[in-house]
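If you're matching them up, the sequences are chains L and W in order. Everything in the first sequence is counted per my numbering, starting at -17 for the first residue and increasing by one. Everything in the second sequence is counted per my numbering, starting at 667 for the first residue and increasing by one. Encoded as structure tokens, the structure appears first; notes follow it.
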Amino acid sequence: KAGVTQTPRYLIKTRGQQVTLSCSPISGHRSVSWYQQTPGQGLQFLFEYFSETQRNKGNFPGRFSGRQFSNSRSEMNVSTLELGDSALYLCASSLEVAGGPVSSYEQYFGPGTRLTVT
Amino acid sequence: AQSVTQLDSHVSVSEGTPVLLRCNYSSSYSPSLFWYVQHPNKGLQLLLKYTSAATLVKGINGFEAEFKKSETSFHLTKPSAHMSDAAEYFCVVSDPEGGYQKVTFGIGTKLQVIP
């Protein structure tokens, strides 16, 4: 099976612009989560989508948004970019088994999109 | 409340010596616990997970971790470090909060392996 793919891998944007990142989960995985990774803050949870619905959300401003399509592919959008948005954005998918313990689902991560804001 | 503390931000070992990466957690539930590894410029890869079965969990690449409820710890160990183990390691706690999986990552421990 193909792993989680993220596009683009690298991106350079200017302050004030907006950006859209894409994530394709492993086939059959319906849960997709997004994380922001920076040297100072570590890995921070952005949001999670399941069956096209946002199920969980982290503590990020409204400039960060996302969506999920019927084929489970997900996009995240950041509007009005700030210098502090420079980070590695990671996407992860997981397979939820009906009746399985909710807390036990392991996540499969993509390689990330490196966003640099200048 | 859910939290995870990785007690060391950096660990340095010599090749061939044991590795110990420490992790303590806090959870209102009976959590699942994970260790992930991230090599430079790569995504995260699952090393192992604990889900209330055996308290000693074996993972890939010779790593294992022991769940100790009384100490709220889930330390990662390996008997003999290899150069390829140099990476950043993340301890993760997972709860079924609100009926869905809520996940918190530790800040990470960078492992340096000295030849």
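All residues carry an ideal CB built from backbone N, CA and C; glycine is no exception. Computed from a predicted model, the values in this text were never measured in an experiment.
C-beta contact flag for residue i and residue j at 8 Å
i                 : j               : result
E34 of chain L    : Q50 of chain L  : yes
V14 of chain L    : S52 of chain L  : no
Q(-12) of chain L : T62 of chain L  : no
G40 of chain L    : F32 of chain L  : no
P7 of chain L     : S75 of chain L  : yes
T770 of chain W   : S698 of chain W : no
A753 of chain W   : L714 of chain W : no
E88 of chain L    : L712 of chain W : yes
S47 of chain L    : R12 of chain L  : no
I773 of chain W   : G22 of chain L  : no
Any chain L beta carbon closer than 8 Å to residue i
i               : result
T691 of chain W : Correcting the residue identity first, residue 691 of chain W is Tyr in this sequence and not Thr. Not an interface residue.
Q778 of chain W : no
I773 of chain W : yes
S698 of chain W : yes
Q668 of chain W : no
K735 of chain W : no
K715 of chain W : yes
N709 of chain W : Residue identity differs from the one stated: residue 709 of chain W is Gly in this sequence, not Asn. For G709 of chain W, the answer is yes, since a Cβ of chain L falls inside 8 Å of its Cβ.
Y755 of chain W : no
Residue i burial status per 10 Å Cβ neighbour count (16 or more: buried)
i                : result
E64 of chain L   : exposed
S675 of chain W  : exposed
S9 of chain L    : exposed
Y(-8) of chain L : exposed
Q767 of chain W  : buried
A69 of chain L   : buried
L3 of chain L    : buried
C722 of chain W  : Residue identity differs from the one stated: residue 722 of chain W is Leu in this sequence, not Cys. Looking at its Cβ environment, which holds fewer than 16 other Cβ atoms inside 10 Å, L722 of chain W is exposed.
T100 of chain L  : exposed
Q672 of chain W  : buried
T775 of chain W  : buried
G66 of chain L   : exposed
Residue-level contact to chain W via CB, residue i, 8 Å cutoff
i               : result
F124 of chain L : Nothing about residue 124 of chain L can be read from this structure; chain L reaches only from -17 to 100.
N38 of chain L  : yes
G22 of chain L  : no
L97 of chain L  : no
F46 of chain L  : no
L72 of chain L  : yes
S52 of chain L  : no
Candidates the options: closest to residue i by CA position
i                : options                          : result
S750 of chain W  : W:Y691, W:Q704, W:S692, W:R688   : W:Q704
F740 of chain W  : W:L687, W:D674, W:S694, W:I773   : W:L687
S692 of chain W  : W:Y755, W:S736, W:K776           : W:S736
Y695 of chain W  : W:F729, W:L673, W:A667           : W:A667
K724 of chain W  : W:V758, W:V677, W:V779, W:F700   : W:F700
L97 of chain L   : L:Y71, L:A(-16), L:H11, L:G(-15) : L:Y71
A731 of chain W  : W:P762, W:L710, W:Y755           : W:Y755
T717 of chain W  : W:V677, W:I726, W:V685, W:D761   : W:D761
L710 of chain W  : L:G(-15), L:P(-10), L:E78        : L:G(-15)
N690 of chain W  : W:T738, W:A720, W:I780           : W:T738
I780 of chain W  : W:N727, W:I773, W:V677           : W:V677
A720 of chain W  : W:K708, W:I726, W:K734, W:G774   : W:K734
H726 of chain W  : W:N707, W:K708, W:Y702           : Reading off the sequence, residue 726 of chain W comes out as Ile, not His. It is W:Y702.
H(-2) of chain L : L:E78, L:N59, L:G92              : Just to set this straight, residue -2 of chain L is Gly in the shown sequence, not His. If we check each option's Cα against that of G(-2) of chain L, L:N59 comes out closest.
P93 of chain L   : L:R37, L:K(-5), L:V1, L:W16      : L:W16
S38 of chain L   : L:F27, L:G44, L:R45              : What sits at residue 38 of chain L in the sequence shown is Asn, not Ser. Closest option to N38 of chain L, Cα to Cα, is L:F27.
Residue i at chain B interface by Cβ criterion, 8 Å
i              : result
Y31 of chain L : No chain B is present in this structure, whose protein chains are L and W.
Exercise. Taking 8 Å as the threshold, find out whether the stretch 737 to 751 of chain W comes into contact with the stretch 675 to 684 of chain W through three or more Cβ pairs.
Key: yes
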